[in-house]
Amino acid sequence: MNKKADGRDRREFLQSGFLGTAAASLAITSTSHVIAQSVPNATEPEVTNEVDVLVVGGGTAGHVAAIQAGRAGAKTLIVERGSQLGGTTTTGGVAFPGLFDAWGKQVIAGIGWELVRESVELDGGKLPNFAKVPQRHWQNQVYTNQFLYAILAEEKCAQAGVEIAYYEFPQSVTKVDNGWQVDCVGFGTQRRVRCKQIIDCTGGAEVVGMLGFERLREEERQPGSYLFMLGKEHEPGRNQIHRLYVHGADSTNSRTATRANMTGRQSILDRVRKENKRLMHLQPETGFRESFRIQGETLITVNDYTSGRIFDDAISYAFYPVDLHTKTGVKPKPLKPGKVPTIPLSALIPKGSRNIIVAGRCVSSDRLANSGLRVQASCMGMGQAAGVAATLAAKSDTTPLEVPLEEIHALLRDHGQIIPEKA
Ligand SMILES: Cc1cc2nc3c(=O)[nH]c(=O)nc-3n(C[C@H](O)[C@H](O)[C@H](O)COP(=O)(O)OP(=O)(O)OC[C@H]3O[C@@H](n4cnc5c(N)ncnc54)[C@H](O)[C@@H]3O)c2cc1C
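So this is what it looks like as structure tokens:
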């Protein structure tokens, strides 16, 4: 926008706009234009896709899985029920991903790290020095601008040839020759997808549940949190947002999620009235810490986690304290020096399944192990591994668990990921 308008400075110009008939001028000065490409056959409600890999859920793990699959040459589609990528990292506002490092070195890299690093650099932010072991674990979490992150993720999907379908979710999943038929619905859209492999990145393993495979869930779950800012501005990528614990928050279905969101928002409104402060920032929905986990071919126990067990089929590291939030708060239990847990491929495979793999917080694990495994860098590591395994399985008409591990490791390394090694 020009600094000078009509020979006067901008402030004068805006003032005259408010005073005179210049409301229209104000709108013109504050509007820029871009044209969205038209969608082919946009009035036709039925759409079909034939892809190698379908990623359901474009959240923390899902967009990484899809970018990886696309970059490795798989025809890939993401179906995401929300309106942007990033899930809890962006829509939930938990934009301080961790932990990419352990004990003085980086242990998770690849596509998730590429996105985090680029969004920090574009935002003029600061990256932690991983050579330094922090006193408190959260000091090496990376403050990230949630808005930039979501857009960069979209750009990287486009560059990798990944198609994105927002506002849609699967309604039925049917086994067919050579894969799956997944019928999805969105407003004004019914989409029939034929795919060889599904990557379930819905957070709560929703596709796995639809298929009837076993899932685990606690009677009492960790609270969710609604993120907001009262009284002072939130600076994305610089500071953390206030968190309101929403006890009982349950992401099982649209009804339970609606209840959590409305409860959180009403409580924030009550605080605005009580504290007489301005509401400066509000995420669109609650962040859910815990819901369903899969019962996988392997289940990671808290002992596996805290002992830093290196699984024979490890595909990624994970690093974070055991971090269980309760009614009274959280007391993180840091890992012992030198311990770095790993995630086996078989913990991403629903027990007894073929042609479906998960990534993210629904990883097969007991509750305490999950409280550490659920963090963002680990979810991104799982996402990238699932993207590789599903792509290689689709290419060789097999199932992810039967792809030779060396091939998975080699492709992950080619795409910048760090592979756990036995000491
Ligand atoms: C309040 C809070 C604080 C946290 N603090 C930290 C922290 O400081 N550092 C850290 O690293 N981690 C933190 N975590 C943990 C971490 O953010 C999450 O565990 C992680 O982001 C989960 O990633 P995910 O990919 O499994 O799920 P999500 O990121 O939640 O993604 C799931 C995606 O799937 C979509 N989806 C769901 N169902 C469907 C469906 N049926 N069809 C289509 N799409 C669907 C959702 O819309 C969403 O986009 C925190 C979590 C919360 C809630």
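Residue 426, in this note's numbering, is where the sequence shown stops; the numbers in between run on with no holes. C-beta: ideal position from N, C-alpha, C; glycine also.
Notebook entry, point to check: To which residues of the same chain is L214 closer than 8 Å at the C-beta, ignoring the five residues directly before and after it?
Noted result: Looking up residue 214 in the sequence shown gives position 211. Around L214: V176, P353, S356, I359.
Note to self: Quick check: the Cα distance between L230 and V361, rounded to an integer number of angstroms?
What the structure shows: Translated into positions along the sequence shown, residue 230 becomes position 227. Translated into positions along the sequence shown, residue 361 becomes position 358. Their backbone Cα atoms lie some 27 Å apart in a straight line.
Check: When the Cα of A98 is compared with those of H412, V123, K78, which residue comes out closest?
Finding: The count along the sequence shown starts at 1 and reaches residue 98 at position 95. Of the listed residues, the one whose Cα sits closest to A98 is V123.
Item checked: Distance between beta carbons of G62 and C204, contact taken as under 8 Å -> In the sequence shown, residue 204 corresponds to position 201, counting from 1. In the sequence shown, residue 62 corresponds to position 59, counting from 1. Correct: roughly 6 Å between the Cβ atoms.
Notebook entry, point to check: In whole angstroms, what separates the C-alpha of A372 from that of A168?
Noted result: Start at 1 with the first residue of the sequence shown, and residue 372 comes out as number 369. Start at 1 with the first residue of the sequence shown, and residue 168 comes out as number 165. If I take the Cα positions, the gap works out to 33 Å.
Next item on the list: Name the two residues that bound the continuous beta strand (DSSP E) containing L80.
Entry: Numbered from its first residue, the sequence shown carries residue 80 at position 77. Here the beta strand (DSSP E) through L80 covers 79–83.
Checklist line | Buried or exposed (CB count within 10 angstroms, at least 16 for buried), W141 | finding: The residue given as residue 141 occupies position 138 in the sequence shown. Around the beta-carbon of W141, fewer than 16 other beta-carbon atoms lie within 10 Å, marking it exposed.
Next item on the list: Can you have a look at I428 and say buried or exposed, based on whether 16 or more other CB atoms are within 10 angstroms of its CB?
Entry: Residue 428 lies beyond the range of the chain shown here (4 to 426); nothing can be said about it.
Notebook entry, point to check: For I111 versus G390, is the C-beta spacing smaller than 8 Å?
Noted result: What you label residue 111 is simply residue 108 of the sequence shown in a count that begins at 1. What you label residue 390 is simply residue 387 of the sequence shown in a count that begins at 1. Not a contact, by the Cβ cut-off of 8 Å.
Notebook entry, point to check: Does the Cβ-Cβ distance between V145 and G113 come in under 8 Å?
Noted result: Indexing the sequence shown from 1 puts residue 145 at position 142. Indexing the sequence shown from 1 puts residue 113 at position 110. Not a contact, by the Cβ cut-off of 8 Å.
Item checked: A317 - containing beta strand (DSSP E), residue span -> Within the sequence shown, numbered from 1, the residue matching residue 317 stands at position 314. That run of the beta strand (DSSP E) goes 317–320.
Item checked: beta-carbon G95 near ligand 1 non-hydrogen atom, thresh 7 Å -> Taking the sequence shown and counting its residues from 1, one reaches residue 95 at position 92. Yes, the beta carbon of G95 sits closer than 7 Å to at least one heavy atom of ligand 1.
Next item on the list: Mind checking which residues open and close the beta strand (DSSP E) that includes T192?
Entry: Residue numbering aside, residue 192 sits at position 189 when the sequence shown is read from its first letter. Here the beta strand (DSSP E) through T192 covers 192–203.
Next item on the list: Count the other C-beta atoms from every protein chain shown that fall within 10 angstroms of the C-beta of I318, then say buried if there are 16 or more, exposed otherwise.
Entry: Numbered from 1 along the sequence shown, position 315 holds the residue referred to as residue 318. Here I318 is buried: its Cβ has 16 or more other Cβ atoms, across all protein chains shown, within 10 Å.
Next item on the list: Following the continuous beta strand (DSSP E) through W106, name the residue where it begins and the one where it ends.
Entry: Translated into positions along the sequence shown, residue 106 becomes position 103. In the DSSP annotation of this structure, W106 is not part of any beta strand (DSSP E), being labelled neither H nor E.
Check: Between the beta-carbon of R84 and the beta-carbon of F172, is there less than 8 Å?
Finding: For the purposes of this step, residue 84 is taken as residue 81 along the sequence shown, with counting starting at 1. For the purposes of this step, residue 172 is taken as residue 169 along the sequence shown, with counting starting at 1. Yes; because the gap between Cβ atoms is below 8 Å, this pair is in contact.
Item checked: Sequence-distant residues of the same chain with beta carbon closer than 6 Å to D55, five excluded per side -> Within the sequence shown, numbered from 1, the residue matching residue 55 stands at position 52. Once the five neighbours on either side are set aside, the close Cβ partners of D55 are A77, K78, K199, A397.
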